[in-house]
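Student: Numbering (our numbering), first residue to last: 69 to 246.
Heads up, the beta-carbon is just placed ideally off N, CA and C, and yes, glycines get one too.
Note that the structure is a prediction, hence the values are computed from the model and not measured.
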């Protein structure tokens, strides 16, 4: 799915049904709204709040309609998959939110740059995912250094900090921070 186009259409869909959604979006969808990436994403990750039942049902029905018109969209395209990150993010993340979309029925904010970068770096370190997104964000060497202490705390495995350091060093080399 193309996040901006899909959310714009979903906004119209919700407005017709007098439903509203105010949420914090992260992941690839957030990067698309910020203009960092233009690629399709599999879904739209909502960090906060837990999606209400009526919004979940509307998202599923919307997805069915999209598929009927020939556009692939999974039933769970709008989800709370990353909700556990809200308790891990640095204190005050809610104060650093930025508006990325405001329509008739939907208002989306995303994390501030440093917090959003940390979530993408965590995905890179934890699962080996998000390299393209991390490169697209083009973090400065100082941003990578600033993220490391938080990343070091995200796994209790004794070798985790060394893994984080190696992953960030590799990313830094790819970005020309050598």
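#1: Using DSSP with H/G/I as helix, E/B as strand and the rest coil, what is residue 128?
#2: Given this structure, state the Cα-to-Cα distance separating residue 95 from residue 184, to the nearest angstrom.
#3: Between residue 178 and residue 189, what straight-line distance do the alpha-carbon atoms span, to the nearest angstrom?
#4: Residue 118 and residue 147 - do their beta-carbons sit closer together than 8 Å?
#5: Under the assumption that residue 192 contacts residue 243 (Cβ atoms under 8 Å), give the Cβ distance between them as a whole number of angstroms.
#6: Per DSSP, which residues does residue 94 bridge with? Please list them.
#7: Please classify residue 235 as buried or exposed, where buried requires at least 16 other C-beta atoms within 10 Å of its C-beta.
#8: Which residues share a DSSP beta bridge with residue 174?
#9: Using only the alpha-carbon positions, how far apart do residue 140 and residue 73 sit?
#10: State the start and end residues of the unbroken alpha helix (DSSP H) segment that holds residue 200.
#11: In the DSSP assignment, what residue or residues form a beta bridge with residue 166?
#12: Between which two residues does the alpha helix (DSSP H) containing residue 160 stretch?
#13: Considering only C-alpha positions, which residue in the set 111, 112, 233 is nearest to residue 216?
#14: Let me make sure I understand the geometry here. Which of 100, 75, 157 has the alpha-carbon closest to that of residue 123?
#15: Once the 5 residues before and after residue 89 are set aside, which same chain residues still bring their CB inside 7 Å of it?
#16: Secondary structure at residue 208, three-state DSSP: helix, strand or coil?
#17: If I measure Cβ to Cβ from residue 134 and keep anything under 6 Å in the same chain, skipping five residues before and after, which residues do I get?
#18: What does the alpha-carbon distance come out to for the pair residue 245 and residue 113?
Tutor: This is what the structure gives:
#1: helix
#2: 8 Å
#3: 16 Å
#4: no
#5: The pair is not a contact, with the Cβ atoms about 12 Å apart (cut-off 8 Å).
#6: 113
#7: buried
#8: 89
#9: 13 Å
#10: 199–205
#11: 178
#12: Premise fails: residue 160 is in no alpha helix (DSSP H) and is neither H nor E.
#13: 233
#14: 75
#15: 82, 123, 173, 174
#16: coil
#17: 141
#18: 30 Å
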